[in-house]
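Take a look at the structure set out below.
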Amino acid sequence: MGTGNTRCGRSSTASGRTFRRCRSVRSLAAAALSLLFLAVEAAPMVGAVTYAGDIAALVQVKLAVNTASILPSSCLGSWNFSVDPCDALASPQFTCGIDCTPGIGGELRVSGLRLEPAGYEGMLSPYIGNLSALQIVIVSGNKFGGPIPGTLGQLTDLFQLDLSANYFTGPLPESLGLLSNLGFLSVGNNLLEGQIPVSFNNLSKVTEMFLYRNRLNGPLPVLTGMRSLTYVDASYNNLTGHLPWGYPAGLAILALGQNQLAGRLPQLLGNLNSLAVLDLRSNQLTGSIEDFIFDLPSLQQLNLSHNAFSTLSTTNLTGANSQIVSIDLSYNMLRGPLPEFLGFMKMLNVLSLRSNMFTGPIPYNYALKAANSLPATNQLRQLYLDSNFLTGEVPSPFLTISDNITASFVNNCLQMCPQSLSFCQGGGQRSPIECQAFFQTG
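Residue 446 in this note's numbering sits at position 296 of the sequence shown, and the numbers go up by one each step.
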């Protein structure tokens, strides 16, 4: 297992600032605590109700935490192993931090480990794998570092695993794919590296998976085996390759923004009838935005901004049955006229098409929707068309709209955009020379 100093050394390397001091404290702390805990491990308590193996594992879990980070008022600060943990639960000796349930042999088993965000530093002990009855592990919002223990894969009853908002480093253990009863997985906001294990496709009961804000790389694996998955967030990583060809049928939220994914939108996305949020912003996606995206029956939020899409294929769309509330296609290379069907989307409130290469006039129905003059549709409250190559005049309904809309039409080739209108302020139109040069070359 290695000494306390060795564990502390690896944590110091991971965070750089958080664990450096524990090198001088760790050995003294371990020695002092081991004197206290030796009696617990060597001789069972008289009348103990907690399974002895669970007590020994809890001892190791506490030993792996830097004692300087354990406040007396915290859950770990109340763990006093001179008493039986489950028997003393909610007493001054074990105020919080564990759940207990009856075991098969009559002894109580530790079924939950819940460490509150108290600034705990150190490592998550591999001995956690010996708490074989665990169903819940929550240690989020602390300063744990080092690798995620592969022994977590031994916890076959585990339903909820939340390690988010710590400083864990290294790869995601392949062994996590053995957690056949896992329903919730969150390792977001850590310093994890390496690829997402292919074994995760075996997690057939996981409904929500959060991998965001790490340093994960490589492709996103096929997720069809995760049959119960409804929410996946792997944004703010370094994922590469194409979007996978298969997804769980019940997927409702797919958030993969701020990665390096490339290629086209897979046609199979059009089969996700439950998809409500599709966020692929800030990747390297190319090609056409096909009409099947706008036809998704449950879609409410669409963000494809900051990519390299070049065309919108929307010839057969009316927008009448769409449930989409927000669309952001900004910062791409989209060409052609502004699609009129967007103005007929009855639920649409926010539309951003800025920083593309759209040409032609602003559709009149955009103005009617912004003026709340279209029957049976919600008002368009945010409209960003700036930094394109739009021509013609601003449609007249925009001239009488009150201040209940936020919009921008600047940096286009419009004949006139009155400065008295808020959406014409903050910049002028492109120069005639710039507009002419674009139309001659485009």
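Glycine included, every Cβ here is placed at the ideal spot set by N, Cα and C.
Considering only residues of the same chain and omitting the five flanking positions on each side of Glu-257, which have a CB-CB separation below 7 Å? Val-199, Thr-200 and Tyr-201
Is the separation between the beta-carbon of Leu-392 and that of Pro-369 shorter than 9 Å? For the record, residue 392 in the displayed sequence is His; it is not Leu. Contact: yes.
Buried or exposed, going by whether 16 or more other CB atoms sit within 10 Å of the CB of Trp-395? Exposed.
Under 9 Å between the Cβ atoms of Gly-279 and Gln-310? no
What do you reckon, are the CB atoms on Ala-283 and Ser-261 nearer than 9 Å? yes
State the DSSP-derived secondary structure class of Ser-572, mapped to helix, strand or coil. Three-state DSSP puts Ser-572 in a helix.
Taking DSSP's pairing of strands, which residues face Ala-458 in a bridge? The secondary-structure analysis by DSSP pairs Ala-458 across a beta bridge with Thr-436.
Where do the ends of the beta strand (DSSP E) carrying Asn-453 lie? 451-453
In the DSSP output, which residue or residues are listed as bridge partners for Ala-260? Residue 260 is actually Val in this sequence, not Ala. For Val-260, which the question treats as bridged, DSSP gives the partners Cys-250.
Beta strand (DSSP E) runs wholly inside the stretch 261-329, at least 3 long, in chain order: 271-273, 286-288, 293-297, 310-312 and 317-320
Is the CB-CB distance between Pro-398 and Met-376 below 9 Å? yes
Where DSSP assigns a beta bridge to Phe-360, which residues make up the other side? Ser-336 and Asp-383
According to DSSP, is Phe-187 helix, strand or coil? Legend: pLDDT at Phe-187 = 42, less than 50; position of this residue unreliable, no value from coordinates given.
Can you tell me where the beta strand (DSSP E) with Glu-490 in it begins and where it stops? Neither: Glu-490 is in no beta strand (DSSP E) and is coded neither H nor E.
On the DSSP letters alone, give me the boundaries of the beta strand (DSSP E) that Glu-343 sits inside. 341-345
Report all residues from its chain with a CB closer than 6 Å to the CB of Leu-518; omit the five preceding and five following residues, and keep chain order. Leu-524 and Pro-547
Asn-515: first and last residue of the uninterrupted alpha helix (DSSP H) it sits in: 514-520
Nearest to Ile-286 (by Cα), restricted to the options Arg-531, Thr-245, Leu-335 and Gly-300: Looking at the Cα atoms, Leu-335 is the closest of the given residues.
Can you give me the C-alpha to C-alpha distance between Leu-418 and Val-544, rounded to a whole angstrom? 39 Å
May I ask which residues mark the beginning and end of the alpha helix (DSSP H) holding Gln-210? 202-213
For the ligand SAH, is there a heavy atom less than 8 Å away from the beta-carbon of Asp-234? No copy of the ligand SAH occurs in the structure displayed, which carries no ligand at all.
If you reduce the DSSP assignment to three classes, tell me which class Asn-351 lands in. The answer is helix: DSSP assigns Asn-351 an H, G or I state.
What did DSSP end up calling Gly-152 once you bin it into helix, strand or coil? In this prediction, Gly-152 has a pLDDT of 40, which is less than 50 and means its spatial position is unreliable; what the coordinates show is noted afterwards. Here Gly-152 sits in coil by DSSP.
Just to confirm my understanding: we take Tyr-514, look at its own chain, exclude 5 residues before and 5 after, and list those with CB closer than 6 Å. What are they? Pro-545
Would Leu-425 be called buried (16 or more neighbouring beta carbons within 10 Å of its own) or exposed? So Leu-425 counts as buried.
Would you identify the three-state DSSP class for Asn-388, choosing helix, strand or coil? strand
Just to confirm my understanding: we take Phe-187, look at its own chain, exclude 5 residues before and 5 after, and list those with CB closer than 7 Å. What are they? Any reading at Phe-187 is ruled out, since the residue's pLDDT is 42, under 50, leaving its predicted position unreliable.
What three-state label does DSSP hand Asn-561 in the structure shown? coil
Look at the Cβ atom of Thr-357, then the Cβ atom of Leu-379, and state whether they are nearer than 9 Å. yes
Local conformation of Thr-509 per DSSP, three classes: strand
Give me, in chain order, the residues of the same chain whose beta-carbon lies closer than 6 Å to that of Leu-535; leave out the 5 immediate sequence neighbours on both sides. Leu-503 and Phe-559
Whose C-alpha, out of Leu-488, Gly-344, Ser-572 and Val-211, is nearest the C-alpha of Leu-263? Val-211
Between Leu-498 and Leu-530, how many whole angstroms is the CB-CB distance? I'm expecting something under 8 Å. Right, their Cβ atoms sit about 6 Å apart.
Mapping DSSP to helix, strand and coil, what is Leu-446? coil
Using DSSP with H/G/I as helix, E/B as strand and the rest coil, what is Gly-368? strand
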